[in-house]
Every structure is written in C-alpha cells, then in structure tokens.
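Chains as they are written, first to last, in my numbering: chain X, 1 to 297; chain D, 298 to 622; chain Y, 623 to 942.
What follows is a set of notes on a single structure, which appears directly below.
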Amino acid sequence: MELNREENVMLEGGVEKTSSPWRNIWSELVKNKAAMVGLSIIVILILIALFGKYLMPYDPNTGVLAESLQKPSSAHIFGTDEQGRDIFSRIIDGTKISLRVGITAVAIALTAGIIFGSFAGYYGGKIDMYIMRLMDIILAFPSLLLAIAFMSALGKGIDKAIIAISIVTIPEYARIVRGSILSVKENEYVQAAKAIGNNDMGIIFKHILPNVMSPIIVRATLGISTAILETSALGFLGLGIQPPQAEWGSMLGAGRGYFYNAPHIVLFPGIAITITVLAFNLFGDGLRDALDPKLRK
Amino acid sequence: MLLQVKNLKTQFKVKGGVVNAVDGVDFEIDRGEVVSIVGESGSGKSVTSLSIMGLIPNPPGKVIDGEILFKGEDLLKKTKKELQNIRGNEISMIFQEPMTSLNPVFTIGKQISEALIKHKNMSREEALKKSIEMLELVGIPSPEKRVKDYPHQLSGGMRQRVMIAMALACGPELLIADEPTTALDVTIQAQILDLMLKLKDKLGTSILLITHDLGVVAEVSDRVVVMYCGKVVEKGTVMEIFERPLHPYTEGLLLSIPRVDEKHDKLFMIPGVVPNPLNMPKGCAFADRCHRCEEICKKEVPPLVEYEGRQVRCFRYLNHKEGKV
Amino acid sequence: MEALLEVVNLKKYFPVESGFLKKSVEYVKAVDDVSFKIYRGETLGLVGESGCGKSTTGRMLVNLLKPTSGEVRFEGKDITKLKGAEEREFRKNIQIIFQDPYASLNPRMTVGDIIAEPIKINRLAKGEEVEKRVLKLLEYVGLASYHRNRYPHEFSGGQRQRVGIARALAVNPKLIVCDEPVSALDVSIQAQVLNLLDDLQKEFKLTYLFIAHGLNVVKHVSDRVGVMYLGKLVEIGDADSLYDNPLHPYTKALLSAIPVPDPAKKRERIILSGDVPSPLNPPEGCRFHTRCQSCMEICKKKEPELKDVGQNHRVACHLY
Numbered sequence: 001m002e003l004n005r006e007e008n009v010m011l012e013g014g015v016e017k018t019s020s021p022w023r024n025i026w027s028e029l030v031k032n033k034a035a036m037v038g039l040s041i042i043v044i045l046i047l048i049a050l051f052g053k054y055l056m057p058y059d060p061n062t063g064v065l066a067e068s069l070q071k072p073s074s075a076h077i078f079g080t081d082e083q084g085r086d087i088f089s090r091i092i093d094g095t096k097i098s099l100r101v102g103i104t105a106v107a108i109a110l111t112a113g114i115i116f117g118s119f120a121g122y123y124g125g126k127i128d129m130y131i132m133r134l135m136d137i138i139l140a141f142p143s144l145l146l147a148i149a150f151m152s153a154l155g156k157g158i159d160k161a162i163i164a165i166s167i168v169t170i171p172e173y174a175r176i177v178r179g180s181i182l183s184v185k186e187n188e189y190v191q192a193a194k195a196i197g198n199n200d201m202g203i204i205f206k207h208i209l210p211n212v213m214s215p216i217i218v219r220a221t222l223g224i225s226t227a228i229l230e231t232s233a234l235g236f237l238g239l240g241i242q243p244p245q246a247e248w249g250s251m252l253g254a255g256r257g258y259f260y261n262a263p264h265i266v267l268f269p270g271i272a273i274t275i276t277v278l279a280f281n282l283f284g285d286g287l288r289d290a291l292d293p294k295l296r297k
Numbered sequence: 298m299l300l301q302v303k304n305l306k307t308q309f310k311v312k313g314g315v316v317n318a319v320d321g322v323d324f325e326i327d328r329g330e331v332v333s334i335v336g337e338s339g340s341g342k343s344v345t346s347l348s349i350m351g352l353i354p355n356p357p358g359k360v361i362d363g364e365i366l367f368k369g370e371d372l373l374k375k376t377k378k379e380l381q382n383i384r385g386n387e388i389s390m391i392f393q394e395p396m397t398s399l400n401p402v403f404t405i406g407k408q409i410s411e412a413l414i415k416h417k418n419m420s421r422e423e424a425l426k427k428s429i430e431m432l433e434l435v436g437i438p439s440p441e442k443r444v445k446d447y448p449h450q451l452s453g454g455m456r457q458r459v460m461i462a463m464a465l466a467c468g469p470e471l472l473i474a475d476e477p478t479t480a481l482d483v484t485i486q487a488q489i490l491d492l493m494l495k496l497k498d499k500l501g502t503s504i505l506l507i508t509h510d511l512g513v514v515a516e517v518s519d520r521v522v523v524m525y526c527g528k529v530v531e532k533g534t535v536m537e538i539f540e541r542p543l544h545p546y547t548e549g550l551l552l553s554i555p556r557v558d559e560k561h562d563k564l565f566m567i568p569g570v571v572p573n574p575l576n577m578p579k580g581c582a583f584a585d586r587c588h589r590c591e592e593i594c595k596k597e598v599p600p601l602v603e604y605e606g607r608q609v610r611c612f613r614y615l616n617h618k619e620g621k622v
Numbered sequence: 623m624e625a626l627l628e629v630v631n632l633k634k635y636f637p638v639e640s641g642f643l644k645k646s647v648e649y650v651k652a653v654d655d656v657s658f659k660i661y662r663g664e665t666l667g668l669v670g671e672s673g674c675g676k677s678t679t680g681r682m683l684v685n686l687l688k689p690t691s692g693e694v695r696f697e698g699k700d701i702t703k704l705k706g707a708e709e710r711e712f713r714k715n716i717q718i719i720f721q722d723p724y725a726s727l728n729p730r731m732t733v734g735d736i737i738a739e740p741i742k743i744n745r746l747a748k749g750e751e752v753e754k755r756v757l758k759l760l761e762y763v764g765l766a767s768y769h770r771n772r773y774p775h776e777f778s779g780g781q782r783q784r785v786g787i788a789r790a791l792a793v794n795p796k797l798i799v800c801d802e803p804v805s806a807l808d809v810s811i812q813a814q815v816l817n818l819l820d821d822l823q824k825e826f827k828l829t830y831l832f833i834a835h836g837l838n839v840v841k842h843v844s845d846r847v848g849v850m851y852l853g854k855l856v857e858i859g860d861a862d863s864l865y866d867n868p869l870h871p872y873t874k875a876l877l878s879a880i881p882v883p884d885p886a887k888k889r890e891r892i893i894l895s896g897d898v899p900s901p902l903n904p905p906e907g908c909r910f911h912t913r914c915q916s917c918m919e920i921c922k923k924k925e926p927e928l929k930d931v932g933q934n935h936r937v938a939c940h941l942y
C-alpha cells in the first residue's frame, strides 16, 4: 500500500512507555509536594487513630473538676476542658471517630451521589426527573433536621449517625455529578464510544465519569469537614456520639459556652479539624491533577 | 500609506518557554486597499491583527519590538487612553464568531450606539438613528424593528452583518476582519464578502483580512501576505501570488486545495505538521516539510529576498536576483 | 451495481416542548422523508448548509440516533429495528469519523487504548493479538508504534483525526460515515487526511458516506453527490454531472458561492437573499421557494418530488 508515512517523521522518536496507568498516577503524585504533605498528614492521622491509646498522657474520659478550664501548661499541653479532662488526650482519642465519621460519611454519600447523578444526567427524561425531584425533596429540608428525622427512625449510635449524615448530603454530590455529566455527554467521544458498541455502563464509567471527576474530588474533600461537624451536631443533641466519648466536633460544640474565658477549648479541636480537612484537600487536589493526563509532564 | 507595520515582534510566555508568535513582520496597507494575511493555525496571523489593535493579553503576551505606524503615528507609543480613542473609531475589528462577539444582554441597537456615543459624542437618540441607518446599510430588513432585537433573535449571518454595522458605525479608516466568514455557511459567506466589498467601495475603508481560506483571499484581496510560523514568507499582489507563487509553502498550499474547477486523482500534499513553537528548527521553519529543501535551508534562516519586485523568504531566490530559477 | 445501504423515506423529528408542563409540542423536522442508495465501494458525498440535516442523516445510519420513521437497509436488512446482540453485531459494519478531532477522542485514554477498545468490545482479538492489531492500525493511518502510549492532547489536529480513523477501521467496517472529517483541519493537513482516506478506501474496499459543507472537498472525494436543503434531498447525481450541470436553483447558487482560489476567474455569482428558514416551520410547498430566483406559483403550494432526469441524476424541482 502506498501510504505516505514519511509525514510522521516530525514527532521525535520516544522510548516505548509500558508502565501501568496506576504507576503513572503515583509517580505524578509523588512529584506534587503539596499532595505529599497532605498524604503524610493523612497517614499520621491514621496512625494516631490506630495507636493513639499509647500516646495519651491521661484518661480522656475522666476529668478532675478542680483542674477544669486550665490554660495550656506543661502538665496539660492543650489545657483542660470544663470537666477538667485533658484536651490533648481527648483530641487523640477523638481522631479515630472523627476520621471514621468524615471518611465513611463522604464515601457513602459520594457513591450514592455518583450513581444517582450519573443515571439522571445520562438518561435524562423521566429518570432524571424522578431522581432529581427526590434530591430536591431532601434539599428542601434543613439538613440537620432531616438527619434528626432519619436518626429517630434508625435509632441512636455512631453508625446510624453516619448513615443519616450521608443521606442528607447525597443531593449535593448527585447535583455536581449530573451537571458535569450533562456537560460532557454530548461530546463526540461519547458518541464515538456508542458507535463502536459500548453499552451504557461502559460509556458512563469508562468514558464519562473519568472526565468529570475534578469538581467531584474537590467537593468530596471539603465534604469531610462538613460531615465531622454535622455528626457532632447530632451528638450535641444526644443522637450520634454519646458523651463522654471524645470527638472533635462535639468537643467544639461543648466548648462554645466557655469561648470567652477559655478559648483553648475550642481552639485545639478546631485546629485538628482544619488540619484534617486541609490534608484531604491537598491530597485531593494532587490526585485530581495526577489523574489528568493533560497536566502530566 | 494608511498603516505600516515594521519589524513587529510579539512574544507569549507559556509553560516551558517563550513563543515568538510574531517574529519580525513587515507589511503596509494603502487607503482603500484590501490586504489579506493568509496562514494556517500557528502562523501568527491573528496575533498580528491583535497586536495592531493593541489587544494582546499582557501577561502572557507582549509586543517586544517594532513599529505600527497608523497615519504616520506609532500605535505602540500611544497611551491606553489614546488607543481607546482609536479603537472602534479609526480602526475597528470584526471577529470570527458572530455568536460570541455580541453581548447577549443588550439590544443590538444599544451595542451599535455605544461606540457612537463614546467616540462621536452623539446623544442617545442620534446614535439610535445612526444605528438604524447602519443596519440598513448592511442589508438588514426592517432595521427600525430589528434595532430592538437581542442577538439571540438573529441568525448567524445576520449577527455578522450586525458586527459589520457596529465596526463601521464610526466610519473607521481601517477595518480588521479576522476570519469573518469562517463560521458561516457558503451562501451566507458569499453574502458577507459581497457586502464587505460593496461597503469598502462606498465608504473608502481599507480592509485587513485575516484568513486561512485561499478561495476567499483570491476573491477579495488586492495584495496578499503569506505567513508561516510567525514570519512573512511571501508578499505580492493577488495575481502574482496565485499565478506564480514563489515560496514552496505557498505553492504547496495552492496545490493541496481540492478544486471544483479541476479534477485531480490525488491531492498534492505538504508532508508533516507545523513545528512546535517551543522547539523551532534552526534553519528555515518550513525546511522539514519543503519539497525543495536544500542543505543550507536546515542551517540558516533565509532572509526576505527581493525578487522580480516581490518579496519572498527562500534561499532559492537569493542567488538569482533576476531571471529564472 | 449493488446497493450496500438503502435509505427509505427516512425521517427524524426532534420534539421541542414548550409551555407550562411541556404541553405544546412542536417538531424540528431535521430530516424529512429522505431516500437514497449507497453502492458498494463508492463514495457518496452529502452537502448542504448547517441545519440541512446531513449530519442527522449520518448519525441515523450509524444508529446513534433512532429515526422517527423510515428504514435504513444495510445489505437488505432494516437496521433501525435491531436490538441487543444483533444491534451490536451490526454496529461493526458501519463506523463513523467525527468532525472535531479535539472532542472525538476521550482525553483520559491513551491512543492505543482508544484504538484497542472497539477490538476488545467486539471480541475481534484476544491478549497479544489486540496489541498487534493496534500497532498495525497505527501503521495503516500513518502513525508510529511509539505513539501508542500517548494521550490525545499530545497530538496535532491531523494526527488526532488519524487516530479517529484508526478507531473506525479497528472493527473492519464496510461503510464509514465521514462526518465533516476535514473541516476542522488546516489546509495542508486536509490534503493529508483526504489522501489517507482515499488510500484506505482502495486498500480495504471501503464505502464512504462523506458529509461536508466544503463543496470543493466533496467534489474531490465523491463519485456521487447529494444536496440537502432544510431536511430534504433536493438533488442527487454523479459528481461530475452535478457540478458541471447543476439543475436545482439551490445547487446552482451553492456552487456559484464557492470561492475559487484563482483571482483570474471572476465568475457570475448567484447571491441568495436571506437566510435558511427555521426547520421548526419550514415553508409550504418547495422549501426553497422563499429564496429561489425561479420561484413559480406552483412552488409555493406543491412540494416537488425527486424526479429522474436521466444519467443517474435526480432533482426535486418543478422546473424539470
């Protein structure tokens, strides 16, 4: 065949890269300093959650009332709370629950949101209408109120609280996913995927979702803090985490009344939440960039 | 001379280096003339027109050298304020996309009036009256009704007519048209080109046409500037360029267009692609794709050579000042 | 000659819902009763301006859009009624090349994976074989094996279009719908892609439906050409006879409007007045009568049929 192949001389010959896509993503992630900082913090937090009991100088749940509301000192480096409990120990003890709450609640909401959002965006029409109206109904209630309603149906307990929180945040993810899908659905590569014989699931999961992940990842990392705070709000109402169990959100809630006299009570749990959210956010941003071949070198 | 561009150089800072989008471009436009700049994507033709308008986004872009003499005054030395008084008044521009170059939230009457109120100190009523006149001039039926329409109520061809009305409202001496018909259908393209030429004769406006379509160039221009990779490779009258192209690139381009009036089995093909602007070859930018490439072409950048009263950037004409090649 | 594909009374109406609770429904008649044949091994060009329905027609042939009514018979079988496995089996036969090389490739997949996907989905090869076939296809379209692991954004428009062609070729199709395959490319790259399509047609005995608005390009590649206006096929015939002797006033105007890259040839140009009417409310009678210079009384009332005027040339106009 007389194909004119000489016209391809312009691209300088490269070495055949055969590494797997996952390795490519990882090597890209390693190059991103901010993402690595985020990942390190996440690893440290997980280690604290697992082995924290060996680091606690005091029992997190028993306080000495006489030592209540003490400012940070050498004895209590983060000070003590209104019941005289050591805040440092309580923060370490709370890591486990706060991380679990944040990560699982977002994971559940995200998965459900992606499924609902994809179906609504991709199929459109009646399916879209039913799914999105359902989402609108959930959004129409103040999320905390709805979570309380779910809790009263599901019963008390941390796991139930996590489920309640995930359900009320599903619409946010579903909406983002649906909107992004609508914007890429009409792209010709989606038409092309159809023309070569892909089924709907192949098109949604292989061709559409990978191209809409950026805003979703960012939203999910921010969602972790919302989940922690909302779970603590439930705990405050006596529905989720039960006192005296330490948890960052409830520590923040309980410390509110002492804010003027002893700001350290809210300061340290607040910092802990901020650091966690920041870590996930940095890591999420890095992950988003690493997943985008256009940003790779 | 209405406009003289001398040794214009415009750079863009991008990730990974500096791109010389326009690299030493010279050309001039006389009053009442249509000059076309032809080139493919990456040739720097659009950047040239934006440089003249002073519309290069800075950063990342910057005009780093050269002169743009409009009626003898260097536009590059003007202040922002002075440029604003020239833009839309003495020099105006129409863009490729008639869909996005009109603001969707204002009526077209308001958009045409804006320049008139600003540059000609007209009152709102006078400007509106003039807008209706302009719409009539560009052939929009029942202009007094249309003047109250919003852009989305008009078809693509109509919007391009409105763009032309807007550009010509202040009676500019130079109209820069950047791919004015590329987004339009062929019958509408014919209408718009026809309109532009008629208005040019009527109003005496000079036109700088930026396009990749050699058919359009042949139909409307007096003189042609061919650009490749930021440099002028050939200049001449429209007859010279199309009858006897000197530069191998121009020659290749003309041969590679499928023609309705001729039948070829195979199209002539310029091999390869435009070089990466961050990694330009050492010699002539076209050398790798050239069917007449010689040793020297890969080593040195050819100068713009005077040949038979025309200018061409190719070594083939360097040693043959006159006569046959 | 044997027809590989036959389109019979094909219609595609898109509903436009408006009003409270989407009560009133109007229809955009994108394709309105179009019939034609594509013969084995030929290239049928389809031209027309935006909104004439040429792309919609193309997409119905690849089953990307379901027709409102009418038949698309491929090798005698109506493909519009196929479902499930049968439909997938059929899809292999007709492939499509898209206009925008920047939008038609998934930016998250390597070029190799893009080309391998149709092979895997249709189980045309396994394991090592898939890879071999991908490399072979890259070679056919003039790309090198080291391009396999690159992503679409690393390529120029022309090269991306080659990837799109390789993807279409991967399943050994018989018919390829080329939907404006070169309109988004630079002139020098257009010629490369057109020549490649020509080579591939000869090598693999392909049949093309070539949809484009560039009349010069269509003339160059096509054996026969059909002209569409507002959802109707107004004229169809051998490329040479249609270009040399256009009959329909619209075809005449369209041809005369093409700018020819030759300043010495100043031709008489028929400049059509006005714009294409909205396909939501197409004019009564002949759809072109609002812009036609030879419009007669009958044109406003009666819609002209596609009539045979000899030599494979058919035209829908009351003049003939």
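Glycine included, each C-beta is placed from N, C-alpha and C at the ideal position.
Since this is a predicted model, take the numbers as computed values, not measurements.
Neighbouring residues, chain Y, relative to residue i (Cβ below 7 Å)
i: glutamate 188(X); result: Phe720, Asp722, Ala725, Ser726
i: alanine 487(D); result: Ala879, Arg891, Ile893
i: glutamate 337(D); result: Asp808, Val809, Ser810
Cβ-Cβ distance between residue i and residue j below 8 Å
i: proline 904(Y); j: glycine 673(Y); result: no
i: isoleucine 489(D); j: glutamine 457(D); result: yes
i: valine 332(D); j: isoleucine 326(D); result: yes
i: phenylalanine 832(Y); j: threonine 679(Y); result: no
i: alanine 813(Y); j: phenylalanine 539(D); result: no
i: asparagine 715(Y); j: leucine 791(Y); result: no
Residue i at chain X interface by Cβ criterion, 8 Å
i: tyrosine 635(Y); result: no
Chain Y contact residues for residue i, given Cβ-Cβ distances below 8 Å
i: alanine 120(X); result: Per Cβ cutoff of 8 Å: no residues; alanine 120(X) is ~18 Å from chain Y at best.
i: lysine 563(D); result: Asn817, Asp820
i: isoleucine 114(X); result: Simply none; closest approach about 16 Å.
i: leucine 551(D); result: Pro883
Residue i, buried or exposed, once every other Cβ within 10 Å from all chains shown has been counted against 16
i: proline 637(Y); result: exposed
i: isoleucine 361(D); result: exposed
i: aspartate 801(Y); result: buried
i: arginine 418(D); result: It is asparagine, not arginine, that sits at residue 418(D) in the sequence shown. So asparagine 418(D) counts as exposed.
i: tyrosine 851(Y); result: buried
i: alanine 466(D); result: buried
i: tryptophan 22(X); result: exposed
is_contact[residue i, chain Y] using C-beta, thresh 8 Å
i: glutamine 191(X); result: yes
i: glutamate 516(D); result: yes
i: aspartate 475(D); result: no
i: glycine 284(X); result: no
Beta-carbon neighbours of residue i, restricted to chain D and to distances below 9 Å
i: proline 904(Y); result: By Cβ distance, chain D contributes nothing, its closest Cβ being about 15 Å from proline 904(Y), past 9 Å.
Close-in-space but distant-in-sequence residues of the same chain around residue i (CB under 6 Å, 5 per side omitted)
i: valine 15(X); result: Because valine 15(X) sits at a pLDDT of 35, beneath the cut-off of 50, its placement in the model cannot be relied upon, and the point is left open.
i: leucine 877(Y); result: Pro868
i: alanine 625(Y); result: Lys659, Tyr661
Partners in chain Y for residue i, counting only beta-carbon separations shorter than 9 Å
i: methionine 455(D); result: Asp897
Partners in chain X for residue i, counting only beta-carbon separations shorter than 9 Å
i: asparagine 744(Y); result: Ile196, Gly197
Neighbourhood of residue i by C-beta, 8 Å cutoff - its chain only, sequence neighbours within 5 removed
i: asparagine 8(X); result: Caution applies to asparagine 8(X), whose pLDDT of 36 falls short of 50 and renders its modelled position unreliable; the value that the coordinates give is listed next. If we look at asparagine 8(X) and ignore the five residues flanking it on each side, it has no Cβ neighbours.
Any non-hydrogen atom of the ligand GDP closer than 7 Å to residue i Cβ
i: leucine 481(D); result: Within the structure as shown, the ligand GDP is missing, as the structure has no ligands at all.
Under 8 Å by beta carbon: chain X residues contacting residue i
i: glutamate 639(Y); result: Chain X residues near glutamate 639(Y): none, gap ~11 Å exceeds 8 Å.
Interface residues of chain D facing residue i [CB-CB closer than 7 Å]
i: glutamine 814(Y); result: Met566
Neighbour flag for residue i against chain D, beta carbons, 8 Å
i: histidine 835(Y); result: yes
i: leucine 668(Y); result: no
Proximal residues of chain X, C-beta to C-beta of residue i below 7 Å
i: glutamine 717(Y); result: Ala195
Residues near residue i by beta carbon distance below 7 Å, same chain, minus five either side
i: lysine 922(Y); result: Glu906, Gly907, His911
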